[in-house]
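The sequence shown stops at residue 313 when you use the working numbering, and every number in between is there.
Backbone N, C-alpha and C fix where the C-beta goes; we use that ideal spot for every residue, glycine too.
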Amino acid sequence: MMPEQPADQSASIVSAIRDYARSPENSLRNADNEPAFGDPLVGFSRGDDPLYGEIKAGIGDFYWTPFEIFHATFPLVQASPSDLTVISYVLPQTENTRRDQARQKRFACERWARSRLYGEAFILKLGAHLVGLLADNGHEALCPGASTRWEKTMSQRHGIASTWSERHIAYASGLGTFGLCDGLITPLGKAVRLGSVVARIDIPPTQRPYKDHHEYCLFYSQGTCGACIKRCPVGAISKDGHDKTRCQPYTSITGHKHSLKHYNIDTTPCGLCQAGVPCESKIPTWK
27 MMPEQPADQS ASIVSAIRDY ARSPENSLRN ADNEPAFGDP LVGFSRGDDP
77 LYGEIKAGIG DFYWTPFEIF HATFPLVQAS PSDLTVISYV LPQTENTRRD
127 QARQKRFACE RWARSRLYGE AFILKLGAHL VGLLADNGHE ALCPGASTRW
177 EKTMSQRHGI ASTWSERHIA YASGLGTFGL CDGLITPLGK AVRLGSVVAR
227 IDIPPTQRPY KDHHEYCLFY SQGTCGACIK RCPVGAISKD GHDKTRCQPY
277 TSITGHKHSL KHYNIDTTPC GLCQAGVPCE SKIPTWK
């Protein structure tokens, strides 16, 4: 059972996430059955955080606030935004995966492709596991990324988008800020994958140790770096940011074909901009 005090509940949730990440479910499913990810980082945010309204306004009306997806999932549960907590977790790529990926010039390495497919499947299992633990202790919860209501769509301002963004959730939960390539730079770096759960539970929010949504990116904060520009094989990253109209077809078509042909893995990997860069495994500093 989870302890009653909010601070104890947060510690219990963090422990549950880390324990599950150390289970055999966290696997690349390769010959050595290597883990897909290292130890996770966990953050919390309140369902009534004004930032969620700002994010929705910036992305589009289709985008969910935590309360909207909770209410759609549990229409009979009496809850207000202030009753909800968003649990966000960052799962870092392993050193082996990052090393292999940093050597690549055009296509994702096999370990990266495996983490894209099997690692993402693990993240969904982690979400379901956490939802189950919370439900067993009387807390309604859901994993928005696994919801049948989740869908990709088009934002008038940002192009390709979705109804729930794990990067924005992690940003709101104090776990990182955005880089030039749109990836989230966290204390564990940018070579990460993300997940989240929304629950009716009272947990103190994680403080956001930044004042700007680009604070950890050297290009935006210092006017330096730009290493991810050189890493992109199709020129989808420039000083103007991330061009999704170039990135998405390369990933979903060219990257997919390469992964099937060379790795026999049915996924859409790239992520070259996340490895072989100063923010790969940490918040970068400029000397």
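Taking buried to mean at least 16 other C-beta atoms within 10 Å of its own C-beta, is E121 buried or exposed? Numbered from 1 along the sequence shown, position 95 holds the residue referred to as residue 121. Classification for E121: exposed.
Determine the direct distance from the alpha carbon of V223 to that of W90, and round the result to whole angstroms. Numbered from 1 along the sequence shown, position 64 holds the residue referred to as residue 90. Numbered from 1 along the sequence shown, position 197 holds the residue referred to as residue 223. W90 and V223: Cα-Cα distance of roughly 13 Å.
Buried versus exposed, by CB contacts within 10 Å (16 or more), T294: By 1-based counting over the sequence shown, the position of residue 294 is 268. With 16 or more Cβ atoms within 10 Å of its Cβ, T294 is classed as buried.
Is the separation between the beta-carbon of S49 and that of A62 shorter than 9 Å? Your numbering for residue 49 matches position 23 in the sequence shown. Your numbering for residue 62 matches position 36 in the sequence shown. It is not a contact, given that the beta carbons lie outside the stated cut-off.
Anticipated Cβ contact below 8 Å, H268 with C207, distance rounded: The residue you call residue 268 lines up with position 242 of the sequence shown. The residue you call residue 207 lines up with position 181 of the sequence shown. Yes, they are in contact, since the Cβ atoms of H268 and C207 sit about 5 Å apart, within 8 Å.
Measure the Cβ-Cβ separation of E329 and L160 and say whether it is below 9 Å. The structure shown does not extend to residue 329, since the chain is modelled only from 27 to 313, so the question has no answer here.
Nearest neighbour of I211, chosen from H240, A187, S188 [CA to CA]: Taking the sequence shown and counting its residues from 1, one reaches residue 211 at position 185. Per the Cα distances, H240.
Ignore the nearest five residues each way along the sequence and tell me which others in I149's own chain have a CB closer than 7 Å to its CB. On the sequence shown, position 123 is the one that residue 149 refers to. Around I149: L117, R219, G221.
Counting Cβ pairs, one atom from each stretch, are 3 or more of them under 8 Å apart for the region 100–113 and the region 262–276? Fewer than three beta-carbon pairs drawn from the region 100–113 and the region 262–276 are found closer than 8 Å, and the two stretches are therefore not classed as touching.
Cβ pair F88, T189 closer than 9 Å: Taking the sequence shown and counting its residues from 1, one reaches residue 88 at position 62. Taking the sequence shown and counting its residues from 1, one reaches residue 189 at position 163. By the CB criterion at 9 Å, F88 and T189 fall inside the cutoff.
Is it buried or exposed for R124, if we count other Cβ within 10 angstroms and need 16 for buried? For the purposes of this step, residue 124 is identified with residue 98 of the sequence shown, where counting begins at 1. Per the 10 Å Cβ criterion, buried.
Under the three-state DSSP convention, the category K54 falls into: As a working mapping, residue 54 is identified with position 28 in the sequence shown. The sequence shown places Leu at residue 54, rather than the Lys named in the question. Note: L54 maps to coil in three-state DSSP.
Can you tell me whether P275 is helix, strand or coil according to DSSP? Position 249 of the sequence shown, counted from the start, is the residue given in the question as residue 275. Here P275 sits in helix by DSSP.
For L286, count neighbouring Cβ atoms within 10 angstroms of its own Cβ and tell me buried if that reaches 16, exposed if not. Walking along the sequence shown from the start, residue 286 turns up at place 260. In this structure L286 is exposed. Its beta-carbon is surrounded by fewer than 16 other beta-carbon atoms within 10 angstroms.
Sequence-distant residues of the same chain with beta carbon closer than 7 Å to R234, five excluded per side: Walking along the sequence shown from the start, residue 234 turns up at place 208. Around R234: G200.
Starting from I113 and walking both ways along the beta strand (DSSP E), at which residues does that stretch end? Locating residue 113 in the sequence shown gives position 87, counting from the first residue. Membership of I113 in the beta strand (DSSP E) is indicated by the continuous run 110–118.
With 16 other CB atoms within 10 Å as the buried threshold, where does K178 fall? The residue labelled residue 178 in the question sits at position 152 within the sequence shown. Exposed is the call here.
Count the other C-beta atoms from every protein chain shown that fall within 10 angstroms of the C-beta of H194, then say buried if there are 16 or more, exposed otherwise. The sequence position of residue 194 within the sequence shown is 168, counting from 1. H194 is buried by the Cβ-count criterion.
In the DSSP output, which residue or residues are listed as bridge partners for T179? By 1-based counting over the sequence shown, the position of residue 179 is 153. T179 is bridged to A187.
What would DSSP say about G267, mapped onto helix, strand or coil? Working through the sequence shown from its first residue, we reach residue 267 at position 241. Reduced to three states, the DSSP call for G267 is strand.
Helix, strand or coil: which one does DSSP assign to R219? Walking along the sequence shown from the start, residue 219 turns up at place 193. Of the three classes helix, strand and coil, the one that applies to R219 here is strand, per DSSP.
What span of residues does the alpha helix (DSSP H) with V68 cover, start to end? As a position in the sequence shown, residue 68 is number 42, starting the count at 1. Taken as a continuous stretch (DSSP letters only), V68 belongs to no alpha helix (DSSP H), being part of the beta strand (DSSP E) at 67–72.
For K216, does the count of other Cβ atoms within 10 angstroms reach 16, so buried, or fall short, so exposed? Taking the first residue of the sequence shown as position 1, residue 216 is located at position 190. By the C-beta density criterion, K216 is buried, having at least 16 other C-beta atoms within 10 angstroms.
Start and end residues, alpha helix (DSSP H) containing F93: Your numbering for residue 93 matches position 67 in the sequence shown. Run containing F93: 92–99, per the alpha helix (DSSP H) assignment.
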